[in-house]
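As you go down the protein sequences, you meet chains A and B in turn.
Numbering of the first sequence is given in the working numbering, commencing with residue 596 and proceeding in unit increments.
Numbering of the second sequence is given in the working numbering, commencing with residue 382 and proceeding in unit increments.
Ideal Cβ placement from N, Cα and C applies to all residues, glycine included.
The structure appears below as structure tokens.
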Amino acid sequence: MKIGVITYPGTLDDRDAQRAIKLAGATPVPLWHASDDLKGIDAVVLPGGFSYGDYLRCGAIAAQAPATKEVIIKAEKGLPILGICNGFQVLVEAHLLPGGLIRNEKQHFVCRDQRLRVENSDTRWTGMFSENEEITIPLKNGEGGYIADDETLKYLEDENLIAFRYLDVNPNGSMNEIAGLSNKQGNIVGLMPHPEHAVEPGFGPDTPIATRSGIDGLRFFQSVIGQVVG
Amino acid sequence: MPKIIVEIMPKQDLLDPQGKAVANALKRAGNSEIDATRIGKRIELHYKEQPTEEDLEKAKELAKDFLSNSVIEDVVDVYIEDQN
Numbered sequence: 596m597k598i599g600v601i602t603y604p605g606t607l608d609d610r611d612a613q614r615a616i617k618l619a620g621a622t623p624v625p626l627w628h629a630s631d632d633l634k635g636i637d638a639v640v641l642p643g644g645f646s647y648g649d650y651l652r653c654g655a656i657a658a659q660a661p662a663t664k665e666v667i668i669k670a671e672k673g674l675p676i677l678g679i680c681n682g683f684q685v686l687v688e689a690h691l692l693p694g695g696l697i698r699n700e701k702q703h704f705v706c707r708d709q710r711l712r713v714e715n716s717d718t719r720w721t722g723m724f725s726e727n728e729e730i731t732i733p734l735k736n737g738e739g740g741y742i743a744d745d746e747t748l749k750y751l752e753d754e755n756l757i758a759f760r761y762l763d764v765n766p767n768g769s770m771n772e773i774a775g776l777s778n779k780q781g782n783i784v785g786l787m788p789h790p791e792h793a794v795e796p797g798f799g800p801d802t803p804i805a806t807r808s809g810i811d812g813l814r815f816f817q818s819v820i821g822q823v824v825g
Numbered sequence: 382m383p384k385i386i387v388e389i390m391p392k393q394d395l396l397d398p399q400g401k402a403v404a405n406a407l408k409r410a411g412n413s414e415i416d417a418t419r420i421g422k423r424i425e426l427h428y429k430e431q432p433t434e435e436d437l438e439k440a441k442e443l444a445k446d447f448l449s450n451s452v453i454e455d456v457v458d459v460y461i462e463d464q465n
């Protein structure tokens with residue numbers, strides 16, 4: 596199985612995402628923002644970072660990139676898409692997910708191991724989690740405050756499209772503690788925390804068992820592999 | 382240079398942390414008459430020739446679809462700048 600990772604100018608976590616894909620058992624395929632050739636991939640990750648220096652709005656220029664335009668076309672045909680942090684911002688700017696992401700409520704850049712509750716395990720990227728499972732995934736963002744109008748929030752709640760909620764603390768002022776969303780078809784998932792930073796023992800968040808042993812992020816990638824192949 | 386100006390502001394009911402921080406600094410500096418500050422964007426579109434009404438219509442579309450995000454921002458104005 597081939598999972599693409601798009602690199603935009605200013606992307607930071609493309610290599611980590613590629614490594615996570617490899618550890619999960621698939622083949623990472625580097626994709627360049629300026630090309631509309633998606634190289635026959637079966638799924639795609641829009642990684643974290645600061646594409647185009649966050650100019651205009653976070654993710655706004657990346658949403659117009661040739662590679663993204665192609666992803667938008669394929670999204671309708673069911674291509675599994677995971678947007679992480681800046682990638683989530685790109686998905687929102689590309690109107691693949693509703694709402695918007697604004698500067699953190701307290702204005703600070705937040706970097707912490709964040710506990711989350713998996714609210715929807717019925718998506719292409721969360722199938723290996725159990726419903727309401729609590730996981731720990733590193734979070735690092737300056738503009739991660741999720742907002743949407745009342746109507747959109749109601750739609751997200753009613754349709755069970757809130758994939759992840761923040762637990763313990765709301766680190767960025769997100770409405771309804773929203774950490775991540777999916778679309779109705781379940782092929783598109785976007786979240787602010789970084790699953791690709793919790794995939795290898797020794798380099799993940801601390802757990803009660805051992806420091807840096809958390810690998811809850813691995814199952815995002817294993818989920819899509821399992822579901823596409825099986 | 383002939384220009385079309387696009388003015389964008391964060392939505393009124395949305396917290397504008399940047400504006401809040403600037404307002405606090407202004408107050409600290411003794412400008413107690415200023416109650417609040419909100420910070421938006423002015424984007425200049427430069428044209429080789431004097432922009433037409435058609436250019437203006439197109440700029441309005443661009444302002445709505447790309448230069449702003451209607452979830453978090455309002456387009457306040459799009460206008461051809463007077464050359465004089």
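Between the options, which lies nearest to residue i when the distance is taken from Cα to Cα?
i	options	result
residue 709 of chain A	A/763, A/738, A/613, A/782	A/763
residue 458 of chain B	B/446, B/429, B/423, B/397	B/423
residue 427 of chain B	B/436, B/445, B/421, B/450	B/436
residue 698 of chain A	A/629, A/735, A/677	A/735
residue 706 of chain A	A/751, A/767, A/670, A/619	A/767
residue 421 of chain B	B/455, B/440, B/460, B/402	B/455
residue 604 of chain A	A/643, A/637, A/612	A/643
residue 460 of chain B	B/447, B/452, B/431	B/431
residue 680 of chain A	A/672, A/662, A/695, A/598	A/695
Is any beta-carbon of chain B found at less than 8 Å from that of residue i?
i	result
residue 611 of chain A	no
residue 783 of chain A	no
residue 682 of chain A	no
residue 702 of chain A	yes
residue 694 of chain A	yes
residue 697 of chain A	yes
residue 743 of chain A	yes
residue 738 of chain A	no
residue 752 of chain A	no
residue 688 of chain A	yes
Quick test of your reading: residue i and residue j, contact by CB under 8 Å. State the CB separation rounded to the nearest angstrom.
i	j	result
residue 462 of chain B	residue 408 of chain B	That belief does not hold up - the Cβ atoms of residue 462 of chain B and residue 408 of chain B are roughly 33 Å apart, past 8 Å.
residue 792 of chain A	residue 812 of chain A	6 Å
residue 683 of chain A	residue 737 of chain A	Wrong, their Cβ atoms sit about 13 Å apart, outside the cutoff.
Does residue i come within less than 8 Å of chain A when only Cβ atoms are used?
i	result
residue 453 of chain B	yes
residue 405 of chain B	no
residue 444 of chain B	no
residue 395 of chain B	yes
residue 402 of chain B	yes
residue 450 of chain B	yes
residue 398 of chain B	yes
Kindly examine the ligand COA and report whether one of its heavy atoms sits closer than 7 Å to the Cβ of residue i.
i	result
residue 385 of chain B	As far as ligands go, the structure on display features none, and thus does not contain the ligand COA.
At what residue ranges does the segment 619-701 of chain A contain a whole run of the alpha helix (DSSP H), taking only runs of 4 or more? 661-671, 681-688
Chain B contacts made by the segment 642-666 of chain A, where a contact means CB separation under 8 Å: 651, 652, 655, 659
Length-filtered (3 minimum) beta strand (DSSP E) runs lying within the segment 718-778 of chain A: 729-736, 740-742, 757-761, 773-777
Jot down the residue ranges of each uninterrupted beta strand (DSSP E) in the segment 389-448 of chain B, minimum 3 residues, whole runs only, in chain order. 422-427
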